Structure formats: structure tokens, C-alpha cells
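K.L.:
If you're matching positions, the sequence shown starts at 0 in numbering that gives the first Met the number 0 and goes up one per residue.
We treat Cβ as the ideally placed atom computed from N, Cα and C, and that holds for glycine.
These numbers were taken from a predicted model, which means no experiment stands behind them.
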Amino acid sequence: MSLGRRSFWLGLSQMVELGLQVILPMVLVRHLTVAAFGDYRLVWLIASTAATMVPMGMPDTLALFLPREDRDGRRAHVAVTALYMVAAGLLTGLLVALGAALIGPSAEFRAMAWITGGFTALWVTGVMLDYLPVADERGDWQARVVIGVAVVRTTLASAAALAFGQVEYVFYALAISAALRLLLLLRYARVHHQLGSTLPSAAHWRRQVDRAWPLGLSSLMISARRQADQWIAAFLFGPVQFAVFSLGAVFGSLVLMMRRAVSSTFLPSMSKHEAGGDWQAVIDTNNRANLVVAFFAVPLLAFIWCFGEPIYTLIYTEKYVGAVAVMRILTVSWLLQIVELNSLIMLAGQMRYAVRIGGPLLLVSLLISFGAAYAFGLAGAAAGGVVMAFLERSLLLRQLSRTLQLPVGQLQSWGMLLAMLALSGALAALGRLAYEWRPLSMHPLLGMLLVGAVLPLPYFLVARKAGWLPHTLLATPALRQS
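Right under this line is the structure:
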């Protein structure tokens, strides 16, 4: 299967996943109390934080090792990753359960300690499913599984909320879907890599850990900065206000999922180019991946930014419309994150630099978020992540420029990225004006649907003329960086 088709399938699966992540809270806010919904969002924050930090780069290295190794080497590295993830998941689940039981914010939350820990353990271990099939270049299989599991998870959790109206039953449903995800992962690893038939050698462990730990530490710092604002909001304002803040961050998964789907598809090819010493091809491949993500993500983020109030009122009710201010601040950092640089940093052997700057950036991010939260309230907690996203991208680009001896302007197609942003922002703003001028008798949902149906046409026409369409980007012999 070509890179374009694999990217399409993985991108589609991530869009479905994101859509269902938006739909599920839409059901829950109408059938759970505000306090119970706050507990739900807090448990998800715990599980998602663990899922991004605990792997420590081990699953990411599969895209480096599997394309280069023979059959026995591939089996060994899959076994190393699986053993690590199982052990890490169990330990994390135990720690989360103990922490929730001892220092949970409420008696109701403490009563859910063991189901919280069990769900976290299953969720963390199953993260490997997001990396292994695509490293095998079976992105279409992974996409179908992601969609299927997401549908099962949303259906079970929604049914639990409708039937019982209690958050505990929602997490029983989520734990069942997480267990299904883990079982599918283990079956895939058993069928394609004979998982469990042999134990990896110490040499395989050393090689993989040596590659993984700088990447893992960098990812840990990035994840900590990405989610620090939510932890600060939960700590300073309590579960109820945190629920509002967390809904402001709900669309952040849009960029993360799309970027991971596209970048993980391209990373094996980038690894092969790097092994062959063709750094121009490495940069070009990364550039194409970022432009494909931008083509889809930028207009969606622009639409969400301009239509924040009606979107949040319709989806989450007026009780949570305060999340719009948070969303608009965070959108700046989401736009910056479209430019994925970690793969270039990793292949250029600069992960230790990323680790060195990670700690100071995290500290500054925390200080800014704490200060802004005290000064400006709930929305201020988002400020640190935005400032740090800009600083991090600037430092990484400067380091890549020095290492590869290329100007920053040649590392990405900056002109295309800015043009996409300008066009998307202008169209979304015009769409919001048209929405405000709609007849008073028109339902807000119908107004947004009409605008949403019209706006893609001029965007598509300009994109086709400018050569931004994904299939054009992938087929162009050489992109012009500017």
C-alpha cells in the first residue's frame, strides 16, 4: 500500500476517533452531574497523561528497527516493546489506584480508585497498538481496528450513562473497550511476530533502550508541557471548573492524532532515507507529512476558533460555554504543533539536545501558567503551553539548522503553511459573519451546517490551484521550501 493510501486510512481513523471523543462527552454532560463529569474528565487526564509519558519512547523505536531488521530481529524488538509495555502498564495502574484511593479530590472519586487504576493499566499497555502495525506498514489494518474499538468504546460508555446515569458504570464500559484493544494488539503481535515464542536477548534490550530513552525523555517533557495546564487547572480550580477547562482542550487531539497518523506512516521511509545517507529526502518527506496534516488541520482549527460559542453551546450546553476562551488560547499552540520536528531531531541524533531543553521549558511553562491562572482566572492556565510551544519550535529549528547546515527557511515550506493559515482564517471569519446574518428563525445547527458545507469549496479550489491537495503534495518530485 502506498504512503498516500496508508496516510489516508490512518488519518480517517484518527478523525473518526476524534469525532467520537467529541460525541461521548456530548452524551455524558446531559446524563451525569457536573461533579461526576468533572471526575470523568480527571480520570481521562490521568490515563492520557500516563499513556503519553510511561511508554518512554519504546513503541516509537519500532518504526526505526522493524524496517531494517531481519525476521528474528523484528521479533526480538516487538517482544522487548511488549514486555516493557505490559510491565509499565501494570505498575502505572497500581500507582494510580493507590494515589486515587489516598489523595483523590472527593469521596466519590476515591471510591473509583481500583476501576481508575485498572482502566489506566489497560489503556497504557494498549498504546503499542498505535505503533506496531504502522511500523509493519499495515496502516490499513490499524485504521480499521482503531475505528472499530472507538465505536465500541463510545457505544458502551454512552449506553452506560443512559442506563445508569453514574460515572462508575461509564468506566466499567471504558475498561471493557480498553481490554478489547489490548487483546487485539496481543493477537496481532502473536500472528505476525510470534510474540511469546522467544525471549529477546540483553543486546536487543540495550539497543532499543539506548535509542528510546532520549526520545522518551523528550516526549515526557513535551507531554508534561502539553498537559501541564490541565493539571494546573485541576489543582487550582477543582474538578467542576477543570471539566470546563478540559473541554476547551478537547480539540487539541485533532492535531495530535492527525500528526501521529501521518508522521508514523512516513517515519519508516524517513528512516530508510537516513540509513542511505539521503538527508534531502528525509527533510522532503517530513515536509510533505507536515503539509498534509496542515491541509486538513488548519481549516478545521480556523472553523472551530471562529464558531466557538455556537459549537460549545450545541455540543456541551451553555453550562460549558466558558471553555471557548480556553480553546481560543490553546489553538495557537495547536497550530504550532502541526510542524512535526521530533522525527528529524531523532534521525539527526539530536534527541539529547531535546532532552536538555525540555526541563527548563517545562519549568518556565509551569511558572507562566500558574502566574496567568492567578492573574486572569481559568483561561490564563493555558498561557504557559502556548509560549513554550513557540520557544520549543524555535530552539529545535535552530538546532536542526546548525546540525544539517541548512537555513531554517529550507527545513519546511513556510510559505505554503502561512498561505493555508491565511486562507483558512479568512474563510472561517467570512463564514462566521454569514452565520450571524442568518434569519432569526434558522436553528444554529442548520446555520453552521450550511456554512460548513459551503466553505470547503473555495478552499478546495484554491488548494488545487496552489498544489496543496495531498495527492499533489505526495506526487510532486521536489517541494520548494520557502
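So, at 6 Å on beta carbons, what are the nonlocal neighbours of Phe108 in its own chain, with the 5 sequence-adjacent residues on each side left out?
P.N.:
Taking the sequence shown and counting its residues from 1, the one referred to as residue 108 is at position 109. Same-chain partners within the cutoff: Asp38.
K.L.:
Any chance you could list the beta strand (DSSP E) runs of at least 3 consecutive residues sitting entirely within the segment 252–277, in chain order?
P.N.:
Those beta strand (DSSP E) runs which fall completely within the segment 252–277 and span 3+ residues do not exist here.
K.L.:
Between which two residues does the alpha helix (DSSP H) harbouring Phe250 extend?
P.N.:
Here residue 250 refers to the residue found at position 251 when the sequence shown is read from its first residue. No alpha helix (DSSP H) holds Phe250; DSSP gives it neither H nor E.
K.L.:
Look at Val407 and Leu395 and say whether their C-beta atoms are less than 8 Å apart.
P.N.:
Here the question's residue 407 lines up with position 408 in the sequence shown. Here the question's residue 395 lines up with position 396 in the sequence shown. Cβ atoms of Val407 and Leu395: not closer than 8 Å.
K.L.:
Here's the rule: buried if 16 or more other CB atoms are within 10 angstroms of the residue's CB, otherwise exposed. What is Met345?
P.N.:
Mapped onto the sequence shown, residue 345 falls at position 346. Label assigned to Met345: buried.
K.L.:
Looking at the ligand MG, does it come within less than 7 Å of Ala233, judged from the CB to the closest heavy atom?
P.N.:
Ligands in the displayed structure: none, and consequently the ligand MG is not present.
K.L.:
Assuming the contact rule is C-beta atoms closer than 8 Å, Thr197 and Ala280 should be a hit. Round their C-beta distance to whole Å, please.
P.N.:
By one-based count along the sequence shown, residue 197 stands at place 198. By one-based count along the sequence shown, residue 280 stands at place 281. Actually they do not touch by this definition, with Cβ atoms about 35 Å apart.
K.L.:
Span of the alpha helix (DSSP H) holding Phe306?
P.N.:
The sequence position of residue 306 within the sequence shown is 307, counting from 1. Looking at the DSSP string, Phe306 is not in any alpha helix (DSSP H), and its letter there is neither H nor E.
K.L.:
For Arg67, which of helix, strand or coil comes out of DSSP?
P.N.:
Counted from its first residue, the sequence shown places residue 67 at position 68. If DSSP states are grouped into helix, strand and coil, Arg67 belongs with coil.
K.L.:
Could you check which residue in Ala156, Thr154, Asp129 and Leu155 has the C-alpha nearest to that of Val143?
P.N.:
Within the sequence shown, residue 143 is the residue found at index 144, counting from 1. Contrary to the premise, residue 143 reads as Arg rather than Val in this sequence. Out of Ala156, Thr154, Asp129 and Leu155, Asp129 has the C-alpha closest to the C-alpha of Arg143.
K.L.:
Return the Cβ separation of Asp371 and Ala380 in integer angstroms, given the expectation that the two are a contact with Cβ distance under 8 Å.
P.N.:
Walking along the sequence shown from the start, residue 371 turns up at place 372. Walking along the sequence shown from the start, residue 380 turns up at place 381. In the sequence on display, residue 371 carries Ala and not Asp. The Cβ separation is near 7 Å, so the contact holds.
K.L.:
Can you name the start and end residues of the alpha helix (DSSP H) that Glu317 belongs to?
P.N.:
In the sequence shown, residue 317 corresponds to position 318, counting from 1. First-last for Glu317: undefined, no H or E at that position.
K.L.:
Whole angstroms is fine: what's the gap from Arg392's alpha carbon to Leu360's?
P.N.:
Translated into the one-based positions of the sequence shown, residue 392 becomes position 393. Translated into the one-based positions of the sequence shown, residue 360 becomes position 361. For Arg392 and Leu360, the distance between alpha carbons rounds to 11 Å.
K.L.:
Straight-line CA distance for Met220 to Leu362?
P.N.:
Translated into positions along the sequence shown, residue 220 becomes position 221. Translated into positions along the sequence shown, residue 362 becomes position 363. So the alpha carbons of these two residues sit roughly 10 Å apart.
K.L.:
Looking at Val33: is its Cβ nearer than 8 Å to the Cβ of Val323?
P.N.:
Translated into positions along the sequence shown, residue 33 becomes position 34. Translated into positions along the sequence shown, residue 323 becomes position 324. In this structure, Val323 does not lie closer than 8 Å to Val33 by Cβ.
K.L.:
Among the candidates Leu439, His442 and Ala433, whose CA atom is the shortest distance from the CA of Leu454?
P.N.:
What you label residue 454 is simply residue 455 of the sequence shown in a count that begins at 1. It is Ala433 whose Cα lies nearest to the Cα of Leu454.
K.L.:
So the candidates are Ser342, Leu422 and Arg258; which of them puts its Cα closest to the Cα of Phe302?
P.N.:
Looking up residue 302 in the sequence shown gives position 303. When each option's Cα is compared against that of Phe302, the closest is Leu422.
K.L.:
What separation, rounded to the nearest whole angstrom, lies between the Cα atoms of Ala242 and Gly117?
P.N.:
By one-based count along the sequence shown, residue 242 stands at place 243. By one-based count along the sequence shown, residue 117 stands at place 118. One C-alpha to the other measures close to 22 Å.
K.L.:
Would DSSP call Gly434 helix, strand or coil?
P.N.:
Numbered from 1 along the sequence shown, position 435 holds the residue referred to as residue 434. A small correction: the amino acid at residue 434 is Tyr; Gly does not occupy that position in the sequence shown. Reduced to three states, the DSSP call for Tyr434 is helix.
K.L.:
Output needed for Gly430: all residues of its chain with C-beta closer than 6 Å, excluding positions within five of it in sequence on either side, in chain order.
P.N.:
Here the question's residue 430 lines up with position 431 in the sequence shown. Once the five neighbours on either side are set aside, the close Cβ partners of Gly430 are Val450 and Leu454.
K.L.:
Evaluate Val298 with the Cβ neighbour count: other Cβ atoms within 10 Å of its Cβ, from every protein chain shown; 16 or more gives buried, anything less gives exposed.
P.N.:
Residue numbering aside, residue 298 sits at position 299 when the sequence shown is read from its first letter. Note that residue 298 is Pro in the sequence shown, not Val. Per the 10 Å Cβ criterion, buried.
K.L.:
Quick check on DSSP: helix, strand or coil for Asp135?
P.N.:
Here residue 135 corresponds to residue number 136 of the sequence shown, with the count starting at 1. Coil.
K.L.:
Whole angstroms are fine: how far does the CA of Leu468 sit from the CA of Thr124?
P.N.:
Taking the sequence shown and counting its residues from 1, one reaches residue 124 at position 125. Taking the sequence shown and counting its residues from 1, one reaches residue 468 at position 469. Rounded to the nearest angstrom, the two C-alpha atoms are 36 Å apart.
K.L.:
On a Cα-Cα basis, can you pick out the residue from Gly348, Arg463, Ser368 and Thr312 that is closest to His442?
P.N.:
The residue labelled residue 442 in the question sits at position 443 within the sequence shown. Closest option to His442, Cα to Cα, is Thr312.
K.L.:
Contact between the segment 157–167 and the segment 85–93: three or more CB pairs below 8 Å?
P.N.:
No contact exists between the segment 157–167 and the segment 85–93.
K.L.:
For Leu334 and Leu300, which I take to be in contact (beta-carbon distance under 8 Å), what is that distance rounded to the nearest angstrom?
P.N.:
Here residue 334 is taken as the residue at index 335 of the sequence shown, counted from 1. Here residue 300 is taken as the residue at index 301 of the sequence shown, counted from 1. Right, their Cβ atoms sit about 6 Å apart.
K.L.:
In this structure, does DSSP put Asp129 in helix, strand or coil?
P.N.:
Translated into positions along the sequence shown, residue 129 becomes position 130. In this structure, Asp129 counts as helix in the three-state DSSP scheme.
K.L.:
What's the call for Phe294, buried or exposed, on a 16-neighbour Cβ count within 10 Å?
P.N.:
The count along the sequence shown starts at 1 and reaches residue 294 at position 295. So Phe294 counts as buried.
K.L.:
Less than 8 Å between the beta carbons of Met419 and Leu214, yes or no?
P.N.:
In the sequence shown, counting from the first residue as 1, residue 419 sits at position 420. In the sequence shown, counting from the first residue as 1, residue 214 sits at position 215. Contact flag unset, no.
K.L.:
Go through its chain and collect everything with a Cβ distance to Ala178's Cβ below 6 Å, but skip five positions before and after it.
P.N.:
If you number the sequence shown from 1, residue 178 lands on position 179. Same-chain partners within the cutoff: Leu121.
K.L.:
Whole-angstrom Cβ separation of Ala211 and Thr60, contact assumed at under 8 Å?
P.N.:
Translated into positions along the sequence shown, residue 211 becomes position 212. Translated into positions along the sequence shown, residue 60 becomes position 61. Confirmed, about 5 Å.
K.L.:
Mapping the DSSP letters down to three states, classify Leu406 as helix, strand or coil.
P.N.:
Reading the sequence shown from its first residue, position 407 is the one you call residue 406. The displayed chain sequence assigns Pro, not Leu, to residue 406. Coil at Pro406, not helix or strand.
K.L.:
Helix, strand or coil for Gln165 per DSSP?
P.N.:
Counting from one through the sequence shown, the residue named residue 165 turns up at place 166. Coil, per DSSP.
K.L.:
When you compare the CB positions of Leu329 and Gly384, do they come within less than 8 Å of one another, or not?
P.N.:
On the sequence shown, residue 329 is found 330 positions in, with the first residue counted as 1. On the sequence shown, residue 384 is found 385 positions in, with the first residue counted as 1. Yes; because the gap between Cβ atoms is below 8 Å, this pair is in contact.
K.L.:
State the CB to CB distance for the pair Leu19 and Val150, rounded to an integer number of angstroms; the pair is presumed to be in contact (CB under 8 Å).
P.N.:
As a working note, residue 19 is residue 20 in the sequence shown. As a working note, residue 150 is residue 151 in the sequence shown. Contact flag correct, Cβ pair sits at about 7 Å.
K.L.:
Grab me the residues of Val292's own chain with a C-beta within less than 6 Å of its C-beta, minus the 5 sequence neighbours each way, in chain order.
P.N.:
Taking the sequence shown and counting its residues from 1, the one referred to as residue 292 is at position 293. Hits under 6 Å: Met257, Arg258, Val261 and Ile337.
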